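Residue numbers (my numbering): 194 to 440. Beta carbons are placed, not taken as given, at the ideal position from N, Cα and C, and that holds for glycine. Keep in mind the model is a prediction, meaning the values are calculated, not measured. Please read the structure below before turning to the comments.
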């Protein structure tokens with residue numbers, strides 16, 4: 194039996210594609226109000242790559258450089274987001290687990306490696322390394338250049354929540370294949386994209402989705418930037434996740 198629960202009536206909705214961020218095409222976005230209408234759980238990035246976004250229990254938080262996570266206004270936009278409705282699915286205890294072991298635990302619990310899975314852990318984290326990116330100005334730089342200047346923070350013994358997705362390998366470049374996690378502290382003091390983690394103790398919950406709804410930008414920069422996916426290593430360097438099998 195798996196930890197995941199197949200949710201046939203809902204979808205993971207994504208705005209934009211990761212390869213557009215890699216190419217520096219992130220001028221437009223989806224309003225937070227629309228994100229909230231599409232789900233209560235998710236991850237994304239701030240306008241102009243000015244930070245990391247967590248959608249948790251229907252609230253949308255932005256994690257920016259030097260600031261506490263803040264609830265976003267409905268009028269703000271996200272150039273990239275994955276969002277879904279997280280069901281009341283049962284959880285399983287997880288203890289003393291580093292990132293490789295956690296990834297193996299998640300992958301051993303999947304309903305299918307061909308489905309998207311939402312991943313949530315509420316608990317206390319023995320060690321955690323998170324990053325936020327700094328807001329960009331025109332002309333926008335590609336994501337790998339932005340992450341070269343990311344601001345990293347190391348935390349210890351902090352309660353909070355991991356929020357993320359596991360995506361099938363066939364979607365690498367559309368999104369981050371494999372495991373992609375963000376974190377927000379229980380007291381909302383800090384958050385960001387997870388680079389490394391050791392889970393002290395917590396509860397893991399998974400939900401599987403048979404529907405994936407992709408919505409694309411319509412701004413001029415995106416429309417005139419031809420996207421071709423050929424450099425998986427840039428995604429792994431910038432965002433983590435899995436390297437697609439060689440063809």
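- request: Consult DSSP for residue 367 and reduce its assignment to one of helix, strand or coil.
  value: coil
query: Should the segment 265-283 be called in touch with the segment 395-415, which here means at least 3 C-beta pairs below 8 Å?
result: The segment 265-283 makes contact with the segment 395-415: 3 or more CB pairs, one atom from each, lie closer than 8 Å.
Where residue 399 sits in the DSSP three-state scheme: strand
task: Work out the CA separation of residue 331 and residue 360 for me, nearest whole Å.
output: 31 Å
query: Buried or exposed: where does residue 421 fall if 16 or more other Cβ atoms within 10 Å of its Cβ makes it buried?
result: With fewer than 16 other Cβ atoms within 10 Å, it is exposed.
query: Hey, out of 199, 224, 269, 206, whose CA is closest to residue 405's CA?
result: 206
message: Rounded to the nearest angstrom, what separates residue 367 and residue 222 at their Cα positions?
response: 16 Å
- prompt: Roughly how many angstroms separate the alpha carbons of residue 229 and residue 251, rounded to a whole number?
  reply: 6 Å
query: Sorted by chain position, which residues of the same chain lie with C-beta nearer than 6 Å to residue 244's C-beta, five sequence neighbours on each side aside?
result: 255, 256, 257, 325
message: Suppose contacts are defined by Cβ-Cβ distances below 8 Å. Is residue 309 in contact with residue 358 by that definition?
response: yes
For residue 220 and residue 209, the rounded distance between their alpha carbons: Cα-Cα distance, rounded: 11 Å.
task: Provide the residue span of the alpha helix (DSSP H) that contains residue 320, from first to last.
output: It is not in any alpha helix (DSSP H) - residue 320 instead sits in the beta strand (DSSP E) that spans 309-325.
task: Under the assumption that residue 373 contacts residue 433 (Cβ atoms under 8 Å), give the Cβ distance between them as a whole number of angstroms.
output: 6 Å
Buried or exposed (CB count within 10 angstroms, at least 16 for buried), residue 200: Burial call: buried.
query: Taking C-beta to C-beta, are residue 292 and residue 345 nearer than 8 Å?
result: no
message: Buried or exposed, going by whether 16 or more other CB atoms sit within 10 Å of the CB of residue 411?
response: exposed
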